[in-house]
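Residue 92 is where the sequence shown starts when you use the working numbering, and the numbers rise one by one after that. C-beta: ideal position from N, C-alpha, C; glycine also.
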Amino acid sequence: MTLERKIFSNSAINIVCNILSVALKFLAIYLIINYFSSDKESFGKYTFITSFITILSIIIDLGVNSITIREISNNRSLLDHYLSNAIVLKIALGFIVYILSIVIILVFHYFQPSKYNNLIIGLVAFSSLTFFILALSQSFEMLFRIELKMIFVGIANVVGGLVFFLTTYFFIKKGYQLSSFIFNWVLMFFIIMFLLLIFTLGRFKFSFKVDFTLIKKIFLLALPLGLSAAFGFIYYRIDTIMLSWFKGDESVANYGVAHKFVEISDIIPASLMVVVFPLMSRFYKEDINKLKILYRRSIDWMLLLGFPMAVIVSMNSDKFILIFRQQYLVAHPALRILIWAAFMTFPGHILGSMIIALHRQRAYPIITGLGVIVNVTLNLILIPKFDFIGAAITAFITELIMLSLFLFVVYKAIGESVLLSSLFRYIFASGLIGVIIYGCRIYDVNIFKILIICIIVYGLILLFMRDDSLKGLIRMIKESF
92 MTLERKIFSN
102 SAINIVCNIL
112 SVALKFLAIY
122 LIINYFSSDK
132 ESFGKYTFIT
142 SFITILSIII
152 DLGVNSITIR
162 EISNNRSLLD
172 HYLSNAIVLK
182 IALGFIVYIL
192 SIVIILVFHY
202 FQPSKYNNLI
212 IGLVAFSSLT
222 FFILALSQSF
232 EMLFRIELKM
242 IFVGIANVVG
252 GLVFFLTTYF
262 FIKKGYQLSS
272 FIFNWVLMFF
282 IIMFLLLIFT
292 LGRFKFSFKV
302 DFTLIKKIFL
312 LALPLGLSAA
322 FGFIYYRIDT
332 IMLSWFKGDE
342 SVANYGVAHK
352 FVEISDIIPA
362 SLMVVVFPLM
372 SRFYKEDINK
382 LKILYRRSID
392 WMLLLGFPMA
402 VIVSMNSDKF
412 ILIFRQQYLV
422 AHPALRILIW
432 AAFMTFPGHI
442 LGSMIIALHR
452 QRAYPIITGL
462 GVIVNVTLNL
472 ILIPKFDFIG
482 AAITAFITEL
492 IMLSLFLFVV
502 YKAIGESVLL
512 SSLFRYIFAS
522 GLIGVIIYGC
532 RIYDVNIFKI
542 LIICIIVYGL
552 ILLFMRDDSL
562 KGLIRMIKES
572 F
């Protein structure tokens with residue numbers, strides 16, 4: 092199998108498994124949202140707790156994953172030694188962030204004891220066990236990313252998603268309360284970690300000799316990325332925390348429903364980069380021209396997929412929100428804005444990975460730190476005035492600034508920019524899709540029919556325009572079978 096076919100095969104497997112996993116999780120969240128539709132405050136608490144844990148979980152990585160993968164990709168003989176010490180480092184970080192989570196929620200309780208009561212404190216303390224689970228599962232996942240065998244990660248995620256969905260359905264049938272659904276969320280991560288542990292057995296030899304010099308080296312190399320990742324998750328999730336603080340659980344619930352579509356859209360670029368990043372690191376060392384080709388092709392794929400997604404969802408935001416209950420229809424203007432912020436993360440994933448592969452990680456925390464300042468400042472201004480709509484506007488502006496700065500850094504490093512011809516093709520094709528959607532809405536066409544029509548027409552338009560990216564995808568599909 093050629094390298095290109097191996098990249099595509101792993102990307103395809105990863106995307107398919109992620110789609111299945113996210114679909115199962117989405118169905119579970121769909122059930123939870125509808126279950127708490129008459130009690131938005133409970134769903135708001137659920138969203139707050141899961142977002143709170145997700146924000147802090149980034150400290151477990153702190154850039155360790157990317158640096159470890161980069162170093163091992165350059166020298167495979169380092170696998171056992173590097174991975175073993177990376178696990179030790181991540182478990183230590185898990186313990187630190189566990190203590191931090193307890194301290195933060197107690198501070199929240201001190202200032203607003205009625206909102207962040209003993210129930211919330213207890214649920215946060217229990218959910219914080221996820222940090223230790225993620226420390227292990229992320230370590231095992233690194234092995235499969237390096238070996239381009241993402242099928243094992245995909246299986247673990249699908250099984251975890253399936254258990255999450257089935258237990259959610261069971262809890263709803265039994266009429267369980269908020270705490271049971273938080274337990275179920277933590278259980279999902281444990282199952283994924285346990286399966287990855289089983290798949291890892293025999294694939295690498297754990298070294299019980301702790302190399303503090305190596306741990307220090309990994310930590311210092313990863314620190315700029317860790318700060319960047321921390322900043323990134325802050326501006327990605329802090330809006331939920333700030334909404335909880337300024338507006339309350341109902342606003343968090345409404346915003347959470349709109350934000351679920353953004354989280355789902357992230358599976359495509361994230362799945363591609365899991366496979367492509369190790370190759371970017373290798374090509375930077377071996378052949379810079381191959382790296383440029385991989386970069387251009389990856390950006391093209393992201394634009395090809397991202398533009399129509401943003402147009403379809405933004406023009407049908409009300410119909411997508413109505414997939415849930417009528418009570419959440421008020422959230423559709425936020426979705427209309429957020430989906431364009433999500434679109435910018437498509438090329439953003441590629442650019443972020445390129446910056447790391449090019450050893451420009453010191454620029455990362457500067458850019459993401461600026462993003463945090465912009466995000467928090469705008470949220471402080473807009474949330475009190477415009478509620479969750481203000482949070483959505485802030486997300487869009489922040490992503491636009493971040494994308495522009497990432498493009499500048501990569502351009503300065505390798506002299507490659509986004510090809511305007513490709514950009515204009517996707518804008519033109521997506522514009523035609525918008526015209527079709529407008530006509531469909533006049534006749535009140537079902538959202539699923541609109542999706543089918545748009546996918547077919549968009550593909551035909553790009554084929555007629557002789558788009559190289561789509562032809563490349565089709566050719567790679569044929570070569571893989």
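Checklist entry - Under the three-state reduction of DSSP, which class applies to TYR455: helix, strand or coil? => result As a position in the sequence shown, residue 455 is number 364, starting the count at 1. Helix, per DSSP.
Checklist entry - Are VAL467 and THR489 touching if we call contact CB-CB under 7 Å? => result Start at 1 with the first residue of the sequence shown, and residue 467 comes out as number 376. Start at 1 with the first residue of the sequence shown, and residue 489 comes out as number 398. Result no, Cβ atoms of VAL467 and THR489 do not sit closer than 7 Å.
Next on the checklist: So, for VAL215: in the same chain, excluding its five sequence neighbours on each side, which residues have a beta-carbon less than 8 Å away from its beta-carbon?
Outcome noted: Counting from 1 along the sequence shown, the entry for residue 215 is found at position 124. ILE140, PHE143, ILE144, SER192, ILE193 and ILE196, listed in sequence order.
Item to check | ILE565 to LEU554 span [Cα, whole Å] | outcome: On the sequence shown, residue 565 is found 474 positions in, with the first residue counted as 1. On the sequence shown, residue 554 is found 463 positions in, with the first residue counted as 1. Residue placement at ILE565 is flagged as unreliable, the pLDDT there being 47, under the threshold of 50; the coordinate-derived value follows with that caveat. A direct Cα-to-Cα measurement between ILE565 and LEU554 gives close to 11 Å.
Next on the checklist: Which residue marks the beginning of the alpha helix (DSSP H) containing GLU238, and which one marks its end?
Outcome noted: Taking the first residue of the sequence shown as position 1, residue 238 is located at position 147. Taken as a continuous stretch (DSSP letters only), GLU238 belongs to no alpha helix (DSSP H), as it is neither H nor E.
Checklist entry - When the distance is taken between beta carbons, is MET233 closer than 7 Å to ILE306? => result Against the sequence shown, residue 306 aligns to sequence position 215. Against the sequence shown, residue 233 aligns to sequence position 142. Their beta carbons are not under 7 Å apart, which means ILE306 does not touch MET233 by this criterion.
Checklist entry - Given a threshold of 16 other Cβ atoms within 10 Å of its Cβ, counted over all protein chains shown, does SER372 qualify as buried or as exposed? => result Residue numbering aside, residue 372 sits at position 281 when the sequence shown is read from its first letter. That one is buried.
Next on the checklist: Once the 5 residues before and after LEU111 are set aside, which same chain residues still bring their CB inside 6 Å of it?
Outcome noted: Taking the sequence shown and counting its residues from 1, one reaches residue 111 at position 20. Same-chain partners within the cutoff: VAL249.
Next on the checklist: Restricting to Cα atoms, I'd like to know which of ALA454, PHE337 and LEU382 is closest to PHE477.
Outcome noted: For the purposes of this step, residue 477 is identified with residue 386 of the sequence shown, where counting begins at 1. Checking every option, the nearest Cα to that of PHE477 belongs to PHE337.
Item to check | Best match in ALA422, ILE390 and ASP409 for proximity to GLY439 [C-alpha to C-alpha] | outcome: The residue given as residue 439 occupies position 348 in the sequence shown. Among ALA422, ILE390 and ASP409, the Cα nearest to that of GLY439 is on ILE390.
Next on the checklist: Restricting to runs no shorter than 4 residues, where is the alpha helix (DSSP H) found entirely within the stretch 188-274?
Outcome noted: 209-218, 221-237 and 242-265
Next on the checklist: For a test of the three-state rule: what should DSSP assign to VAL353, helix, strand or coil?
Outcome noted: Within the sequence shown, numbered from 1, the residue matching residue 353 stands at position 262. VAL353: helix per DSSP, three-state reduction.
Item to check | For LEU115 and LEU253, believed in contact at Cβ under 8 Å, the rounded distance | outcome: Indexing the sequence shown from 1 puts residue 253 at position 162. Indexing the sequence shown from 1 puts residue 115 at position 24. Going by Cβ atoms, the distance from LEU253 to LEU115 rounds to 5 Å, so yes, they are a contact pair.
Checklist entry - Hey, is the stretch 399-412 in contact with the stretch 345-353, meaning 3+ C-beta pairs nearer than 8 Å? => result yes
Checklist entry - For ILE163, does the three-state DSSP call read helix, strand or coil? => result The residue you call residue 163 lines up with position 72 of the sequence shown. Three-state result, ILE163: helix.
Checklist entry - Nearest-angstrom Cα distance between GLY317 and VAL526? => result For the purposes of this step, residue 317 is identified with residue 226 of the sequence shown, where counting begins at 1. For the purposes of this step, residue 526 is identified with residue 435 of the sequence shown, where counting begins at 1. Between the alpha carbons of GLY317 and VAL526 lies a distance of about 43 Å.
Next on the checklist: Does LEU554 come out as helix, strand or coil in the three-state DSSP assignment?
Outcome noted: On the sequence shown, residue 554 is found 463 positions in, with the first residue counted as 1. DSSP places LEU554 in helix when its eight states are reduced to three.
Item to check | Beta-carbon separation (whole angstroms), THR291 vs PHE231, contact threshold 8 Å | outcome: Position 200 of the sequence shown, counted from the start, is the residue given in the question as residue 291. Position 140 of the sequence shown, counted from the start, is the residue given in the question as residue 231. Contact holds; Cβ gap of about 5 Å.
Checklist entry - How many Å lie between LYS540 and GLY522 at the Cα? => result In the sequence shown, counting from the first residue as 1, residue 540 sits at position 449. In the sequence shown, counting from the first residue as 1, residue 522 sits at position 431. Those two C-alpha atoms are separated by around 18 Å.
Checklist entry - Should PRO475 go down as buried or exposed, given a rule of 16 or more other Cβ atoms within 10 Å for buried? => result Residue 475 sits at position 384 when you count from the first residue of the sequence shown. A residue is called buried when at least 16 other Cβ atoms come within 10 angstroms of its Cβ; PRO475 does not meet this threshold and is exposed.
Next on the checklist: Using 7 Å as the threshold, is the C-beta distance between VAL277 and SER218 below it?
Outcome noted: On the sequence shown, residue 277 is found 186 positions in, with the first residue counted as 1. On the sequence shown, residue 218 is found 127 positions in, with the first residue counted as 1. Taking 7 Å as the Cβ cut-off, VAL277 and SER218 qualify as a contacting pair.
Checklist entry - Terminal residues of the continuous alpha helix (DSSP H) containing SER387? => result The count along the sequence shown starts at 1 and reaches residue 387 at position 296. Inspection of the sequence shows that residue 387 is occupied by Arg rather than by Ser. From DSSP, the alpha helix (DSSP H) with ARG387 extends over 379-406.
Checklist entry - DSSP on ASN148, reduced to helix/strand/coil? => result Residue 148 sits at position 57 when you count from the first residue of the sequence shown. The question names Asn, but residue 148 is Ser in the sequence shown. Note: SER148 maps to helix in three-state DSSP.
Checklist entry - Just reading off the alpha helix (DSSP H) that HIS450 is part of, what are its end residues? => result Against the sequence shown, residue 450 aligns to sequence position 359. Premise fails: HIS450 is in no alpha helix (DSSP H) and is neither H nor E.
Item to check | TYR207 to SER271 span [Cα, whole Å] | outcome: Reading the sequence shown from its first residue, position 116 is the one you call residue 207. Reading the sequence shown from its first residue, position 180 is the one you call residue 271. One C-alpha to the other measures close to 18 Å.
Checklist entry - With 16 other CB atoms within 10 Å as the buried threshold, where does PRO399 fall? => result For the purposes of this step, residue 399 is identified with residue 308 of the sequence shown, where counting begins at 1. Answer is buried; the Cβ neighbour count reaches 16.
Next on the checklist: I'd like the list of long-range same chain contacts for ALA321, defined as Cβ closer than 6 Å, with 5 residues on each side in sequence excluded.
Outcome noted: For the purposes of this step, residue 321 is taken as residue 230 along the sequence shown, with counting starting at 1. Short of 6 Å from the beta carbon of ALA321, and not among the five residues preceding or following it, lie these beta carbons of its own chain, in chain order: ILE149.
Next on the checklist: Using only the alpha-carbon positions, how far apart do VAL188 and ASP535 sit?
Outcome noted: For the purposes of this step, residue 188 is identified with residue 97 of the sequence shown, where counting begins at 1. For the purposes of this step, residue 535 is identified with residue 444 of the sequence shown, where counting begins at 1. Rounded to the nearest angstrom, the two C-alpha atoms are 50 Å apart.
Item to check | Candidates CYS531, ILE359, MET241 and LEU496: closest to ALA433 by CA position | outcome: As a position in the sequence shown, residue 433 is number 342, starting the count at 1. Comparing Cα positions, the closest option is ILE359.
Checklist entry - Beta carbon of ILE480, beta carbon of ALA425: below 7 Å? => result Locating residue 480 in the sequence shown gives position 389, counting from the first residue. Locating residue 425 in the sequence shown gives position 334, counting from the first residue. Cβ atoms of ILE480 and ALA425: closer than 7 Å.
Item to check | Assigned secondary structure, MET435 (DSSP; H/G/I helix, E/B strand, else coil) | outcome: Numbered from its first residue, the sequence shown carries residue 435 at position 344. Three-state result, MET435: helix.
Checklist entry - So is LYS264 buried or exposed if we call it buried at 16+ other beta carbons inside 10 Å? => result Here residue 264 refers to the residue found at position 173 when the sequence shown is read from its first residue. Sixteen is the threshold: since fewer than 16 other Cβ atoms of the shown chains lie within 10 Å of the Cβ of LYS264, the residue is exposed.
Checklist entry - Would SER228 be called buried (16 or more neighbouring beta carbons within 10 Å of its own) or exposed? => result As a first step, residue 228 is located in the sequence shown; it is residue number 137 there, counting from the start. Label assigned to SER228: buried.
Checklist entry - Just how far apart, CA to CA, sit ASP85 and ILE428? => result Residue 85 lies beyond the stretch modelled for the chain, which goes from 92 to 572, so this question has no answer here.
Checklist entry - Which word fits ILE568, buried or exposed, when buried means at least 16 other C-beta atoms lie within 10 angstroms of its C-beta? => result As a working mapping, residue 568 is identified with position 477 in the sequence shown. Confidence at ILE568 is low in this model, with a pLDDT of 37, below 50, so its placement is unreliable and the value that follows should be read with caution. Under this definition ILE568 is an exposed residue.
Checklist entry - If you draw a straight line from the alpha carbon of GLY135 to that of SER128, how long is it in whole angstroms? => result On the sequence shown, residue 135 is found 44 positions in, with the first residue counted as 1. On the sequence shown, residue 128 is found 37 positions in, with the first residue counted as 1. Here the alpha carbon of GLY135 sits roughly 10 Å from the alpha carbon of SER128.
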